[in-house]
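Here the structure comes first, spelled out in structure tokens, and everything after it is commentary.
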Amino acid sequence: MFMIRMVDLLSKYVSRKRRFDIVLLDADETIFDFIRAEAHSFKQTLESFCVEYTDERLKRYSAINLSFWKALERGEVTRKRLQTLRFEQFFKEIGVNDIDCDAVNDTYLTNLSNSSFLIDGAKEFVKELSKYAKLYLATNGLTKAQNGRFYQSEIKDYIEDIFISEQIGFKKPDKEYFDYIFNKIGVTDKSRVIMVGDSITSDMQGGKNAGITTCLYSRSGELVDSDLCDYQISDYNDFFDILFDTESYDKNT
6 MFMIRMVDLL
16 SKYVSRKRRF
26 DIVLLDADET
36 IFDFIRAEAH
46 SFKQTLESFC
56 VEYTDERLKR
66 YSAINLSFWK
76 ALERGEVTRK
86 RLQTLRFEQF
96 FKEIGVNDID
106 CDAVNDTYLT
116 NLSNSSFLID
126 GAKEFVKELS
136 KYAKLYLATN
146 GLTKAQNGRF
156 YQSEIKDYIE
166 DIFISEQIGF
176 KKPDKEYFDY
186 IFNKIGVTDK
196 SRVIMVGDSI
206 TSDMQGGKNA
216 GITTCLYSRS
226 GELVDSDLCD
236 YQISDYNDFF
246 DILFDTESYD
256 KNT
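Numbering-wise, the sequence shown is residues 6 to 258 according to our numbering.
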């Protein structure tokens with residue numbers, strides 16, 4: 006659980022130089038609890054189509070879904086085809102035939118759009134962080150799901166805007182995706198911008214492609230060996246030592 010440390014943040018950092026004015030936050034598994042949302046929505050969807058739900062089926066669907074999203078990042082599949090193909094493959098594997106995968110996908114997205122679960126401490130983190138920098142969500146997620154969850158969430162009042170790749174026409178890690186954001190919000194000094202996210206292949210690679218600082222957020226606490234990460238954190242509190250000029254901060258803590 007996120008808790009502001011005993012020393013008040015403002016007094017702690019008042020004499021230190023702020024390094025970033027703009028923080029781009031990934032949505033899923035950085036701020037939003039996608040693991041919980043996916044499980045909740047998937048179970049509701051299967052029940053709507055009278056298909057038995059099991060934890061093993063969720064695990065298999067999740068793996069299939071992730072593989073298609075990685076394929077999207079590599080430009081191997083379109084976003085539109087991804088949405089149907091993931092369910093086609095899943096139902097084929099479990100032996101369920103004669104099911105309308107487009108209808109399943111529509112139901113799933115509706116359920117997902119209403120599953121606005123935050124990671125523990127995310128609201129407090131975003132609220133505090135918004136006092137020191139402008140915050141934007143930068144996500145590859147689908148418009149219906151991401152807008153629904155965002156506008157129902159407790160963080161919406163602390164976020165300046167949300168940038169969804171489906172609406173922009175470019176995706177993370179494409180440089181063009183970030184160029185669009187920079188043009189939209191009037192970034193003139195990219196050294197004042199930092200990308201925070203949980204994905205090496207979209208968030209960290211995207212940040213590097215865009216020429217900005219990157220910070221990997223690892224919810225599990227597992228650190229990685231990658232030159233794409235300027236910083237790595239597993240505790241929201243630690244980001245404030247990155248935001249401000251804290252010379253003693255270890256980039257790989």
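All C-beta atoms, glycine included, are put in the ideal place defined by N, C-alpha and C.
Keep in mind it's a predicted model, so treat the numbers as computed, not measured.
#### Entry: CB contact check: residue 106 to chain C, cutoff 8 angstroms
Checking the listed chains, one finds no chain C in this structure; it contains a single protein chain.
### Query
What's the C-alpha gap between residue 87 and residue 74?
7 angstroms
### Query
Pick from 164, 224 and 72: whose alpha carbon is nearest that of residue 138?
Per the Cα distances, 164.
### Message
Beta-carbon within less than 7 angstroms of residue 235's beta-carbon, same chain only, minus the 5 sequence neighbours each way: which residues are those?
### Response
218, 219, 220 and 256
#### Entry: Span separating the alpha-carbon of residue 62 from that of residue 23
47 angstroms
### Task
Please name the residue in 151, 214 and 183 whose C-alpha comes closest to that of residue 118.
151
### Message
Just to confirm the assignment, what range does the beta strand (DSSP E) spanning residue 143 have?
### Response
Here the beta strand (DSSP E) through residue 143 covers 139-144.
### Message
Please list the terminal residues of the continuous alpha helix (DSSP H) segment that includes residue 246.
### Response
Looking at the DSSP string, the run of the alpha helix (DSSP H) that includes residue 246 is 244-248.
### Task
Measure the C-alpha to C-alpha separation of residue 44 and residue 21 and round it to an integer number of angstroms.
43 angstroms
### Task
Taking 8 angstroms as the threshold, find out whether the region 37-55 comes into contact with the region 109-128 through three or more Cβ pairs.
Yes, they touch.
### Query
Quick one: is residue 46 buried, meaning 16 or more other Cβ sit within 10 Å of its Cβ, or exposed?
buried
### Message
Spatial neighbours of residue 91 within its chain, please: C-beta separation below 7 angstroms, excluding the five flanking residues on both sides.
### Response
69, 70 and 73
#### Entry: Top-ranked residue by Cα proximity to residue 214, from 177, 130 and 225
177
#### Entry: Nearest neighbour of residue 129, chosen from 158, 114 and 109 [CA to CA]
If we check each option's Cα against that of residue 129, 158 comes out closest.
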